[in-house]
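The sequence shown begins at 15 in this note's numbering and counts up by one.
Built from N, CA and C at the ideal position, the CB exists for glycine as well.
Below you'll find the structure, written out as structure tokens, and then a few comments.
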Amino acid sequence: MLGKKLHFYNTAHRSKERFEPLHDPVSLYCCGPTVYNYAHIGNLRTYVFEDVLKRTLNAFGYNVKHVINITDVGHLTSDEDTGEDKMEKGAKREGKSVWDIAEHFTRTFIQDIASLNILPPDRWPKATDHIPQMIELVKKLEERGFTYTTSDGIYFDTEKFPSYTAFAGLDAENLRAGERVDMGEKRSVTDFALWKFSPGEGKRQMEWESPWGRGFPGWHIECSAMSLAYLPQPIDIHCGGADHIRVHHTNEIAQSEAATGKPFVRYWLHGEFLVFEKGKMAKSGDHFITMATLRQKGVAPLAYRMFCYTAHYRTPLSFSWEALASSAQSLANLRRLIGSLPSQSKASPPTTLQVAGALDPFYTALADDLNMPRAMAALWDIVRDDTLDAHLRRVCAEQADNVLGLELGRPPTETVQTVVGAEGEAMRLECATYVPIDLCNRLTALLSERRRARREKDYATADRIRQKLGAAGITVKDQPDGSTTVSIPAGVCTDSDRETLIFME
Ligand code: AMP
Ligand code: ZN
Numbered sequence: 015m016l017g018k019k020l021h022f023y024n025t026a027h028r029s030k031e032r033f034e035p036l037h038d039p040v041s042l043y044c045c046g047p048t049v050y051n052y053a054h055i056g057n058l059r060t061y062v063f064e065d066v067l068k069r070t071l072n073a074f075g076y077n078v079k080h081v082i083n084i085t086d087v088g089h090l091t092s093d094e095d096t097g098e099d100k101m102e103k104g105a106k107r108e109g110k111s112v113w114d115i116a117e118h119f120t121r122t123f124i125q126d127i128a129s130l131n132i133l134p135p136d137r138w139p140k141a142t143d144h145i146p147q148m149i150e151l152v153k154k155l156e157e158r159g160f161t162y163t164t165s166d167g168i169y170f171d172t173e174k175f176p177s178y179t180a181f182a183g184l185d186a187e188n189l190r191a192g193e194r195v196d197m198g199e200k201r202s203v204t205d206f207a208l209w210k211f212s213p214g215e216g217k218r219q220m221e222w223e224s225p226w227g228r229g230f231p232g233w234h235i236e237c238s239a240m241s242l243a244y245l246p247q248p249i250d251i252h253c254g255g256a257d258h259i260r261v262h263h264t265n266e267i268a269q270s271e272a273a274t275g276k277p278f279v280r281y282w283l284h285g286e287f288l289v290f291e292k293g294k295m296a297k298s299g300d301h302f303i304t305m306a307t308l309r310q311k312g313v314a315p316l317a318y319r320m321f322c323y324t325a326h327y328r329t330p331l332s333f334s335w336e337a338l339a340s341s342a343q344s345l346a347n348l349r350r351l352i353g354s355l356p357s358q359s360k361a362s363p364p365t366t367l368q369v370a371g372a373l374d375p376f377y378t379a380l381a382d383d384l385n386m387p388r389a390m391a392a393l394w395d396i397v398r399d400d401t402l403d404a405h406l407r408r409v410c411a412e413q414a415d416n417v418l419g420l421e422l423g424r425p426p427t428e429t430v431q432t433v434v435g436a437e438g439e440a441m442r443l444e445c446a447t448y449v450p451i452d453l454c455n456r457l458t459a460l461l462s463e464r465r466r467a468r469r470e471k472d473y474a475t476a477d478r479i480r481q482k483l484g485a486a487g488i489t490v491k492d493q494p495d496g497s498t499t500v501s502i503p504a505g506v507c508t509d510s511d512r513e514t515l516i517f518m519e
């Protein structure tokens with residue numbers, strides 16, 4: 015990077031700052047999904063931005079320890095601690111247990127982010143696995159005098175934390191005006207639940223004993239407990255969507271700093287929303303587009319990733335099918351152009367310095383608060399620049415792709431689908447065209463069965479499945495890292511491909 019320094023916009027100070035981490039590896043915490051429904055492509059925009067951040071840190075020589083939590087309890091339908099638990103509501107909607115829907119939507123989330131080439135975090139802590147840590151944190155807050163009890167839970171007293179309004183620049187006067195609105199037994203409108211009591215016998219599927227009675231944790235305490243459990247404080251970077259600034263992150267800061275007496279986070283980065291003309295995309299709204307919706311429409315996941323790069327992460331991005339199609343086209347064009355550049359050098363291969371020199375405008379754009387529209391423009395300029403050696407241009411594109419995650423070396427329309435098997439194992443499907451979802455599910459089931467057979471040393475069954483797939487033209491390759499790659503040529507596993515359908519019965 016030729017000594018370039020990273021700069022990020024820090025929400026805490028409302029300014030762009032030079033990035034100077036305290037820890038090696040850099041500690042990075044990203045608020046994870048509430049697993050009561052599929053992630054929509056708006057949620058996924060935030061995870062793409064966070065992935066670009068992590069890949070940029072890597073490209074600039076930093077190791078990163080990355081944590082994304084799974085919220086599987088306690089996130090209520092209103093951020094102000096009223097309404098139903100989203101998980102219990104989701105379970106009723108699906109007619110399943112809360113644990114079943116948590117498991118199902120966690121798996122599809124992991125599958126979705128894998129399909130977008132989002133690197134998995136080092137840890138995926140689940141809120142329900144960290145109840146003791148949350149109880150400990152609430153106990154500390156109680157000992158330090160920051161809590162009070164109402165008939166429905168233990169609350170954080172925001173009056174006791176004088177800098178409460180600073181982070182989000184909240185207007186204290188306005189907040190007091192809001193106090194006329196019904197706020198139950200809360201002392202201030204900004205106070206929030208740390209622990210909620212179960213409403214009564216048999217009303218909740220998820221509940222735990224605590225020193226204050228049976229109940230469940232508040233959503234905010236989950237992130238404080240899980241980030242502090244795995245990352246050293248102050249955490250270098252904490253991310254999330256911009257909607258979290260006002261309540262969730264403000265509350266995380268208040269309770270974490272009140273409990274530990276130390277600063278919680280150094281750099282706060284927030285991604286703006288993916289929006290429709292009529293407003294934001296929400297899990298409960300009309301415009302509910304998921305990765306499955308994109309697949310059904312034949313849009314490759316990486317085309318969506320490319321689309322995310324058309325706006326800076328701190329500006330809202332307007333969704334339209336036309337704009338998405340244009341990003342898909344532009345990705346195919348970029349791959350075609352790169353594919354036309356020689357993969358071997360006629361003379362000596364370019365030096366590290368030559369590559370870094372040619373990529374300078376690309377890295378400058380990244381270092382300037384992850385300016386992806388500018389970085390993409392810089393990459394196009396490099397690969398089109400006839401004055402540069404053709405092989406050098408290709409090497410530059412390959413290196414830039416470590417940050418972009420667009421698989422720029424693939425043929426223009428070839429694509430990869432990642433499926434998750436019965437025991438959570440990820441398998442990559444390399445496909446010439448899209449595999450419809452029902453075929454994808456059957457294929458996943460067969461591959462899982464083959465894995466189970468191999469593990470149980472039932473090689474006859476494992477071979478039979480491989481042969482069955484082989485006869486349909488599908489090749490299965492076990493990788494040294496334990497993953498499986500499945501190659502599906504053109505014409506196989508398509509909607510009209512009756513042969514494969516029959517084969518996979
Ligand atoms: P949730 O599963 O609702 O807790 O949200 C997961 C992540 O997606 C959070 O970081 C949210 O801030 C973010 N998010 C929610 N809606 C959108 C949207 N329309 N565009 C971008 N990010 C969003
Ligand atoms: Zn969070």
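Legend entry - Status (buried if at least 16 other CB within 10 Å, exposed otherwise) for His27: exposed
Inset, instruction - Count the C-beta pairs between the stretch 406–424 and the stretch 100–116 that are closer than 8 Å, then say yes if the count reaches three, no if not. - result: no
Inset, instruction - Classify Trp335 as buried or exposed, calling it buried when 16 or more other Cβ atoms lie within 10 Å of its own Cβ. - result: exposed
Legend entry - Distance between Arg478 and Glu64 (C-alpha atoms, nearest Å): 42 Å
Inset, instruction - For Thr204, name the three-state secondary structure that DSSP assigns. - result: coil
Legend entry - Closer than 6 Å: Cys253 CB and nearest the ligand ZN heavy atom: no
Inset, instruction - Count the C-beta pairs between the stretch 198–217 and the stretch 225–232 that are closer than 8 Å, then say yes if the count reaches three, no if not. - result: yes
Inset, instruction - Starting from Pro231, follow the beta strand (DSSP E) in both directions and report where the run begins and ends. - result: Gly229 to Pro231
Legend entry - Contact check, Phe170 vs Pro47, beta carbons under 7 Å: no
Inset, instruction - Verify whether the separation of the beta carbon atoms of His144 and Met240 is less than 7 Å. - result: yes
Legend entry - Nearest-angstrom Cβ-Cβ length linking Leu130 and Leu58, presumed shorter than 8 Å: 6 Å
Inset, instruction - Determine the direct distance from the alpha carbon of Ser340 to that of Phe395, and round the result to whole angstroms. - result: As written in the sequence, residue 395 is Asp, which differs from the Phe given in the question. Roughly 19 Å between the two C-alpha positions.
Inset, instruction - Indicate the three-state DSSP secondary structure (helix, strand or coil) for Leu591 in the structure shown. - result: Since the displayed the chain opens at 15 and closes at 519, residue 591 lies outside it and no answer follows.
Legend entry - Reduced DSSP category for Asn24 - H, G, I as helix; E, B as strand; rest coil: strand
Inset, instruction - Alpha carbon to alpha carbon, how far is Tyr377 from Asp114? Give it in angstroms, no decimals. - result: 44 Å
Legend entry - Where Gly104 falls, given that 16 or more other Cβ within 10 Å makes a residue buried: buried
Inset, instruction - Buried or exposed for Gln358, please, with buried defined as at least 16 other CB atoms from any protein chain shown within 10 angstroms of its CB. - result: exposed
Legend entry - For Val397, the three-state DSSP class (helix, strand or coil): helix
Legend entry - Residues that Phe211 bridges to, as DSSP identifies them: Gly229
Inset, instruction - Entirely within the stretch 243–309 and at least 4 residues each: give me those alpha helix (DSSP H) ranges in chain order. - result: 264–274
Legend entry - Burial state of Asn188, where buried means 16 or more other Cβ atoms lie within 10 Å: exposed
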